[in-house]
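*Asks:* The letter at position 51 of the sequence shown is residue 76 when you use this note's numbering, and the numbering goes up by one with no holes.
Cβ atoms here follow ideal geometry from the backbone N, Cα and C, with glycine treated the same way.
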Amino acid sequence: MVAASKMRRAQQAALGGRPYASMLNQVLGTVTAHAGDFTHPLMEQREVRKRCVILVGTDKGLCGALNSNLFREASTFDKTTTVFVTAGRKASQFIARTKRQLAAEFTYKDAPLFSEARAISHFARDLFLNGSVDQVDILFTNYVSTLIQKPELRPFLPVGEIRPVSAGIPHPAEEPKELPQGATEFSFEPSADQVLSALLPHSLNFEVFQILLEAKASEQSAKMVAMKNATDNANQLIKDLTLEYNKMRQASITNELLEISSAAMAMG
């Protein structure tokens, strides 16, 4: 619980706090309203012949079934039509072990940096724009609670709709919120379309950054639970062994007393 709370606070601090996300939402909402029939290469819908999946795993183990559940979902993708971009050493090892197509391998720190998310997002956008893939999804572990972390597949490209930027990942059950326009009036130069074209890649970078933080919070929480279970099991094992040792010691002492008594009675 403490680790997850710290990760949440680090997430908000790294994103500049909620006021930054709120202001970006207002700008996106206003520019979307003025953009009209806006089109962008990142919003191009194609027939999916080749797919890219960004697989966000961990660098180390000792986190229970976190990686196993994630890789079980990743194994459902077709090997011939799916190429993977990995974040985390465990994800790269899984792709190599199962002999799947690996396009790129990225690393991210215990406190993920925005530059790391930007590099992953930029590479995925390049794959989509140059026609190497027709669709990009992100598979990661979503933090639900201290005891629950679920694998989740989120569409990334093409951009179906411009979603609000927030300091957390919404759960699938939540309905999508509209972009708030606010009372502040923005003037766009040279045009709303060009401003939205510049903001759209940044919004995607922001989304990848949120997912990296969410995955890291899930990892820290899973490690905490796994280590607590290991400690509890070890303590129980110590109790069982101590009880067994005391029983054997008592039986040994009893046998020695019987031998001494028998010898004394035999001697008269």
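What separation, rounded to the nearest whole angstrom, lies between the Cα atoms of S286 and T267?
*Replies:* Your numbering for residue 286 matches position 261 in the sequence shown. Your numbering for residue 267 matches position 242 in the sequence shown. Cα to Cα, S286 sits roughly 28 angstroms from T267.
*Asks:* Count the CB pairs spanning the region 90-98 and the region 157-174 that are closer than 8 angstroms, and state whether there are at least three.
*Replies:* The region 90-98 vs the region 157-174: in contact.
*Asks:* Measuring only the C-alpha atoms, how far is R143 from N230?
*Replies:* Numbered from 1 along the sequence shown, position 118 holds the residue referred to as residue 143. Numbered from 1 along the sequence shown, position 205 holds the residue referred to as residue 230. Straight-line Cα distance between these residues: approximately 5 angstroms.
*Asks:* Identify, in the order they occur along the chain, each residue of the same chain with its Cβ nearer than 8 angstroms to the Cβ of E244, setting aside the five sequence neighbours on each side.
*Replies:* For the purposes of this step, residue 244 is identified with residue 219 of the sequence shown, where counting begins at 1. Once the five neighbours on either side are set aside, the close Cβ partners of E244 are T83, C88, L91, T166.
*Asks:* If you draw a straight line from the C-alpha of F148 to the C-alpha of E269, how long is it?
*Replies:* Here residue 148 is taken as the residue at index 123 of the sequence shown, counted from 1. Here residue 269 is taken as the residue at index 244 of the sequence shown, counted from 1. So the two alpha carbons sit approximately 59 angstroms from each other.
*Asks:* State the beta-bridge partners of A112 as determined by DSSP.
*Replies:* For this step, residue 112 is matched to residue 87 along the sequence shown. Paired residues: V81, F131.
*Asks:* In terms of residue numbering, what span does the alpha helix (DSSP H) encompassing L95 cover?
*Replies:* Along the sequence shown, read from residue 1 onward, the residue named residue 95 stands at position 70. Taken as a continuous stretch (DSSP letters only), the alpha helix (DSSP H) holding L95 covers 91-99.
*Asks:* Spatial neighbours of A116 within its chain, please: C-beta separation below 6 angstroms, excluding the five flanking residues on both sides.
*Replies:* Mapped onto the sequence shown, residue 116 falls at position 91. The answer, listed in chain order, is L80, G82.
*Asks:* Under three-state DSSP, which class holds P215?
*Replies:* Along the sequence shown, one-based indexing puts residue 215 at 190. The answer is coil: DSSP assigns P215 none of H, G, I, E or B.
*Asks:* Inspect the CB distances between the region 221-229 and the region 151-163 and report whether three or more fall short of 8 angstroms.
*Replies:* Judged by Cβ distances under 8 angstroms, the region 221-229 makes no contact with the region 151-163, as fewer than three pairs qualify.
*Asks:* Closest to F139 by CA distance: which of K175, E214, F234, R76 is it?
*Replies:* As a first step, residue 139 must be located in the sequence shown, where it is residue number 114. It is F234 whose Cα lies nearest to the Cα of F139.
*Asks:* I'd like the list of long-range same chain contacts for D162, defined as Cβ closer than 8 angstroms, with 5 residues on each side in sequence excluded.
*Replies:* Start at 1 with the first residue of the sequence shown, and residue 162 comes out as number 137. Closer than 8 angstroms at the Cβ level, and outside the excluded window around D162, lie R76, C77, V78, I79, L178, R179, P180, F181.
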